[in-house]
RNA sequence: GGAGAGGUAGCGAAGUCCGGCCGUAACGCGCUCGACUCGAAAUCGAGUUAGGGGUUAAUAGCCUCUACGUGGGUUCGAAUCCCACCCUCUCCGCCA
């Protein structure tokens, strides 16, 4: 949510921002609505002020033992008018609120302007593509011999976009979670958390999933419950409504959770393999940062994500998302794209965003600056560090051998009970 | 699922039965400033909710409205009365 004051004071900033995002939202229309809101509030407040004064007088008379009933007829009429005006004002206030909550964040000045992912700008590359003297296979092709990834039975149990992991793959899944969490907590200073995977609509609104992106979520048919699409949701909302202490910033949380996404609107996209699942595991990083240093924190978080891939020896590139490709809540986003030789392309494996005060305003995450009278919103950041499924895909495709076996990256071997290579004779679940 | 208790500021908590100077909200803690002190602790004194509207260069001051879990209702007037819902805690039942 944007600052209403900013829109009033400097609407051009918002108009420019929306244009850069190729949004059709009309700011001038909103300004008229807001003017009507203020006029109505003004009108009704005058009447309320009259009523409050009269009420005080009535109270005085009553306390003195007098009879004030001759005032009631006139006051009754006043109450009637207040009720009408109040209802009108409330509606406009609600409209203003709905508008505000459906406007995306203003991109940071350093973000390249562009229409879609083709205009994202490469920041840098790390490592090199593996040199394979054979035609590399895609990960699901590799799994035909290796087993481990059981797409058919996943589909049988639940439907498409669900996969059962057998044996070595399930072990690799667990190894990746532990590997990621160990580095995030021991070396990058994150506090390990274990949040609920189900949250309510208020929480979903705090991070911006609701109200605009309800279709992307799984809503439970019980209470006001939704399955989280990422641990960003519970972790960012964790301290909502609380007043934070400046010296405690930044908070740095990490958690591994199951993530649930409906993937509505991506029918036919990545239907094969582990790339796009309804349920997947992800280790997430969330930071609640001081507004003065949040963009430095974004660089830091991006490095944390990159570090994971470097340890695994996976070649990747980092791109700065252009204005047209950024998410709703973000002011600046880096995508890290890992090289997949089987698919002969870079695929997103991590997304690190600074949402500035956009989510903090929705979730009411505030701190008091030293010496300041009024509390101020923190900045929220989130990044994947990393998802297990796509990492597994990258390992399979990058470390495949001519004979169809997979070399386990050295950093991961202690987490795999010393296993160095996955071979077809370990196959299960074919 | 059944019975009961509760939801008030940064935290704890009074007020609710009997509606009206009790919401810039008693009292306590915390925090800020000051006094005392070489300095600190202790003690003493003062201050300390947020959001909206108006005015303004101002996120300063002043005027004003709103908020006592949420949403309705009764009333001239609701923290207080009525209805519905949400959440927390305790006990019972069920259960990994």
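In the working numbering, the protein residues as written are 1146 to 1575.
By construction, the Cβ of each residue, glycine as well, lies at the ideal position given by its N, Cα and C atoms.
Please read these numbers as outputs of a predicted model, since none were measured by experiment.
- Take the alpha-carbon of residue 1351 and the one of residue 1376: they are about 13 Å apart.
- If you ignore the 5 residues before and after residue 1344, its C-beta comes within less than 8 Å of the C-beta of 1370, 1371, 1373, 1378, 1379, 1382, all in its own chain and listed in chain order.
- Membership of residue 1485 in the beta strand (DSSP E) is indicated by the continuous run 1477-1485.
- By the neighbour-count criterion, in which a residue is buried when 16 or more other Cβ atoms sit within 10 angstroms of its Cβ, residue 1356 is exposed.
- Looking from the CA of residue 1224, the closest CA among 1499, 1258, 1193 belongs to 1193.
- Rounded to the nearest angstrom, the gap between the Cα atoms of residue 1331 and residue 1158 is 42 Å.
- Membership of residue 1166 in any alpha helix (DSSP H) is not indicated, and neither H nor E is assigned to it by DSSP.
- Listed in chain order, the non-local C-beta contacts of residue 1524 below 8 Å within the same chain comprise 1433, 1434, 1435, 1436, 1439, 1442, 1499, 1500, 1501, 1502, 1505, local neighbours out to five positions each way being set aside.
- Per the C-alpha coordinates, the member of 1515, 1562, 1467, 1571 positioned closest to residue 1167 is 1467.
- Residue 1473 sits away from residue 1407, with the two beta carbons spaced by 9 Å or more.
- Between residue 1571 and residue 1291, the gap from beta carbon to beta carbon is short of 9 Å.
- Taking C-alpha positions only, residue 1567 is separated from residue 1412 by approximately 32 Å.
- Taking 8 Å as the upper bound for CB-CB distance, residue 1251 and residue 1162 are in contact here, some 4 Å apart.
- By the Cβ rule, the segment 1208-1220 does not count as touching the segment 1317-1326, because fewer than three pairs are nearer than 8 Å.
- By the Cβ test, the segment 1524-1536 is in contact with the segment 1419-1433, since at least three Cβ pairs between them sit closer than 8 Å.
- Residue 1257 carries a coil assignment under DSSP once its states are collapsed to helix, strand and coil.
- Between the beta-carbon of residue 1454 and that of residue 1481 there is about 7 Å, and that keeps the pair under the 8 Å contact cut.
- Residue 1226 sits in a helix when the DSSP states are folded into three classes.
- Pairing residue 1317 with residue 1274, the inter-Cα distance amounts to about 22 Å.
- The three-state reading of DSSP puts residue 1153 in helix, counting H, G and I together.
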